[in-house]
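Letter by letter, the sequence shown follows residues 18 to 418 in our numbering.
Positions of the beta carbon are idealized from the N, C-alpha and C atoms, including for glycine.
No experiment lies behind these values; they were computed from the predicted model shown.
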Amino acid sequence: MTDPRSLRVGMVGHAFMGAAHSHAWRTAPRFFDLPLRPELTAVAGRNEGGVRAAAAKMGWASYETDWRALIERDDIDLIDICTPGNTHAEIAIAALEAGKHVLCEKPLANSVAEAERMTAAAEAAAARGVYSMCGFSYRRTPALALARRMVAEGRLGQIRHVRAQYLQDWLSDADAPLTWRLDKSKSGSGSLGDIGAHSIDAAQWITGRNITGVSALLETFVKDRPVAGDLVGLGGHGATGADTVRGPVSVDDAAIFSARFAGDGPANGNGAGPIGVFEATRFALGRKNAMRLELNGTTGSLAFDFEDMNALSFYDAADGPDAGFRKIQVTEPEHPYTGNWWPTGHPIGYEHLFTHQAVDLINSIARHHPPAPSFADALQVQKVLAAIEASAAANSHWEHV
Ligand code: SOE
């Protein structure tokens with residue numbers, strides 16, 4: 018007899034995101050009062066030895082060596098996709114058509130065409146009470162959720178500038194192996210889709226405005242790398258140790274682009290929306306996971322750096338000459354999500370974003386309310402990614418000096 022209060026999860030993939038999502042499904046009901054109790058029913062992976070070990074380590078009750086078996090099982094209610102982007106469309110569409118809810122890691126797909134098919138399947142499924150979400154987990158950072166709340170409350174006035182950087186350095190070593198994140202046929206793009214997508218989604222979500230145009234430059238610093246053993250270690254960034262054989266890198270190592278956001282009137286005097294400057298790289302030596310965002314408005318500014326993820330800096334021009342940026346510790350019970358964890362001043366970490374993501378998804382499903390970010394939200398990000406790649410390829414607005 019199926020317990021109507023359980024939500025039985027089947028997860029595909031068990032590397033870095035698989036570990037983070039497993040942690041989230043395990044912890045969500047222990048720190049949040051939920052209308053449905055997630056169960057770690059089965060995990061799927063291609064290699065039986067690997068997926069059996071992952072099931073034992075991550076707490077899954079059973080395992081499969083083919084994701085299709087998860088979708089065929091009638092003891093699975095939700096498919097959680099934690100695999101490289103080239104597999105997202107096939108798995109998500111099959112799951113939705115089989116009546117399974119879907120959580121799909123970011124970016125949604127490796128092309129706009131795939132993302133459009135996924136969005137159509139998601140919207141058809143939602144009409145049948147089958148829901149889906151894309152895993153832009155940084156929205157679940159308390160400080161960024163607070164930033165969105167403050168912008169919506171008008172604490173910055175009209176937004177003029179968006180400044181977003183996502184800086185990592187784990188590929189700075191030219192002998193770091195050629196893993197799936199460096200193979201366009203698997204990852205779709207490099208730093209752009211892997212980490213730039215997070216900045217694009219967060220900037221659009223916090224400002225409440227979509228990007229309507231971009232001008233971009235992409236760079237690949239290291240053109241070939243040692244061919245790795247299969248896939249990745251837990252860090253998702255590949256085992257170390259260079260083999261002698263080297264293969265071509267087919268993605269960008271760094272992306273920089275300017276952006277225009279949708280306007281709604283005289284925000285900047287010409288009726289256009291905010292302007293943005295974005296950077297995504299895995300070669301910023303010394304920066305480990307510096308997902309940064311700064312917004313400048315007509316009456317205030319906000320600044321955030323994920324390497325100090327429990328704080329949000331706020332500048333309020335109304336404070337007069339002694340204004341300065343105030344550093345808000347986002348650990349008060351009134352702040353998003355934090356009341357369910359520790360007393361004020363006790364910070365949380367990266368893994369908590371995934372627990373918050375699971376909580377929000379479960380609450381949406383139980384309330385029959387479409388989750389956010391939806392596949393349509395993720396399709397918008399996919400369109401921005403494609404525009405950036407087209408702009409960089411055209412190289413059309415580059416004035417040589
Ligand atoms: C890439 O380096 C990565 O693992 C991303 O794939 C994740 O989405 C991000 O949260 C951490 O960095």
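Proximity of residue i and residue j at Cβ, strictly below 8 Å
i	j	result
residue 300	residue 228	no
residue 312	residue 168	yes
residue 35	residue 96	no
residue 113	residue 72	no
residue 293	residue 181	yes
residue 405	residue 126	no
residue 400	residue 129	yes
residue 115	residue 88	yes
residue 275	residue 231	yes
residue 238	residue 270	yes
Coarse secondary structure for residue i, derived from DSSP in three states
i	result
residue 313	strand
residue 416	coil
residue 308	strand
residue 354	coil
residue 273	strand
residue 252	Per-residue confidence for residue 252 stands at a pLDDT of 42, beneath the threshold of 50, marking its modelled position as unreliable; the derived number appears in the next sentence. Note: residue 252 maps to coil in three-state DSSP.
residue 299	coil
residue 182	strand
residue 204	helix
residue 135	helix
residue 286	Its pLDDT being 49, under 50, residue 286 is placed unreliably in this model, and the coordinates cannot settle the point.
residue 391	coil
residue 247	Confidence at residue 247 is low in this model, with a pLDDT of 49, below 50, so the placement of that residue is unreliable and no value is reported for it.
residue 194	coil
residue 322	strand
residue 281	coil
residue 20	coil
residue 173	coil
residue 146	coil
residue 239	coil
residue 408	helix
residue 1	Here the chain has residues from 18 to 418 only, and residue 1 is not among them.
residue 362	coil
residue 76	coil
residue 122	strand
residue 259	Any reading at residue 259 needs caution, since the residue's pLDDT is 46, under 50, leaving its predicted position unreliable; the model's value is listed next. Coil at residue 259, not helix or strand.
Alpha-carbon to alpha-carbon, residue j and residue i
i	j	result
residue 137	residue 143	10 Å
residue 360	residue 63	42 Å
residue 37	residue 76	12 Å
residue 386	residue 187	39 Å
residue 398	residue 391	11 Å
residue 24	residue 334	48 Å
residue 324	residue 158	12 Å
residue 33	residue 197	13 Å
residue 199	residue 236	13 Å
residue 189	residue 272	15 Å
residue 43	residue 263	40 Å
residue 61	residue 70	11 Å
residue 328	residue 344	6 Å
residue 20	residue 29	23 Å
Assigned exposure category for residue i - 16 Cβ within 10 Å defines buried
i	result
residue 261	exposed
residue 117	buried
residue 302	exposed
residue 507	Because the chain in this structure spans residues 18 to 418, residue 507 falls outside the shown range and cannot be described.
residue 367	exposed
residue 291	buried
residue 213	buried
residue 418	exposed
residue 252	With a pLDDT of 42 at residue 252, under the threshold of 50, the modelled position of that residue is not reliable, and the figure given next carries that caveat. With fewer than 16 other Cβ atoms within 10 Å, it is exposed.
residue 202	exposed
residue 52	exposed
residue 407	exposed
residue 194	buried
residue 74	exposed
For residue i, the first and last residue of its enclosing alpha helix (DSSP H)
i	result
residue 48	33-48
residue 217	214-224
residue 370	367-383
residue 105	105-114
residue 88	84-89
Segment limits, beta strand (DSSP E) that includes residue i
i	result
residue 150	149-152
residue 228	228-236
residue 344	343-346
residue 26	23-29
residue 155	Where residue 155 is concerned, there is no enclosing beta strand (DSSP E), given that its DSSP letter is neither H nor E.
residue 330	328-333
residue 337	Careful: residue 337 lies outside any beta strand (DSSP E) and carries neither H nor E.
residue 60	54-61
residue 265	263-265
Chain D within 8 Å of residue i, Cβ atoms only
i	result
residue 367	No chain D appears in this structure, which consists of one protein chain only.
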